[in-house]
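The sequence shown runs 45 to 134 under the numbering used here.
Glycine included, each C-beta is placed from N, C-alpha and C at the ideal position.
Report on one structure; see the data block that follows.
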Amino acid sequence: MNITKGFAEVENSKLYYEVAGEGHPLLLVHPMLTSHKYWDDQFSEFAKQYRVIRYDVRGFGQSKMSKEPYTDTRDIIQLLDFFGIEKTYL
Numbered sequence: 045m046n047i048t049k050g051f052a053e054v055e056n057s058k059l060y061y062e063v064a065g066e067g068h069p070l071l072l073v074h075p076m077l078t079s080h081k082y083w084d085d086q087f088s089e090f091a092k093q094y095r096v097i098r099y100d101v102r103g104f105g106q107s108k109m110s111k112e113p114y115t116d117t118r119d120i121i122q123l124l125d126f127f128g129i130e131k132t133y134l
């Protein structure tokens with residue numbers, strides 16, 4: 045499985061992401077106090093049917109926290125914009 049890794053620039057921060065697979069986009073958001081690795085068991089399975097994107101929420105894993113106010117919703121919108129995605133499964 046080919047996994048693309050990197051950082052997406054969002055307002056006042058950078059979010060770490062991993063992308064694999066092809067098809068309709070599927071965005072995986074981990075619960076608080078974890079990281080993108082929360083999805084390790086499902087990531088490769090989902091990538092068989094979807095373009096799967098998992099990322100570290102701001103302040104967790106490899107994504108840095110910022111001092112400026114932010115919302116997770118706005119981060120998700122900017123992350124999807126970074127990938128040019130208008131609609132996704134969540």
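C-beta contact flag for residue i and residue j at 7 Å
{"i": "A91", "j": "A52", "result": "no"}
{"i": "E62", "j": "K49", "result": "yes"}
{"i": "L134", "j": "L59", "result": "no"}
{"i": "E94", "j": "G128", "result": "Sequence inspection shows Tyr at residue 94; the Glu mentioned does not correspond to that position. Result no, Cβ atoms of Y94 and G128 do not sit closer than 7 Å."}
{"i": "M45", "j": "S88", "result": "yes"}
{"i": "P69", "j": "T117", "result": "no"}
{"i": "S110", "j": "N56", "result": "yes"}
{"i": "D119", "j": "V54", "result": "yes"}
Reduced DSSP category for residue i - H, G, I as helix; E, B as strand; rest coil
{"i": "I97", "result": "strand"}
{"i": "E130", "result": "coil"}
{"i": "K81", "result": "helix"}
{"i": "F90", "result": "helix"}
{"i": "T117", "result": "helix"}
Buried or exposed (CB count within 10 angstroms, at least 16 for buried), residue i
{"i": "D85", "result": "exposed"}
{"i": "L123", "result": "buried"}
{"i": "I97", "result": "buried"}
{"i": "D125", "result": "exposed"}
Residue i - partner residues in DSSP beta bridges
{"i": "P69", "result": "R95"}
{"i": "K49", "result": "E62"}
{"i": "S57", "result": "V54"}
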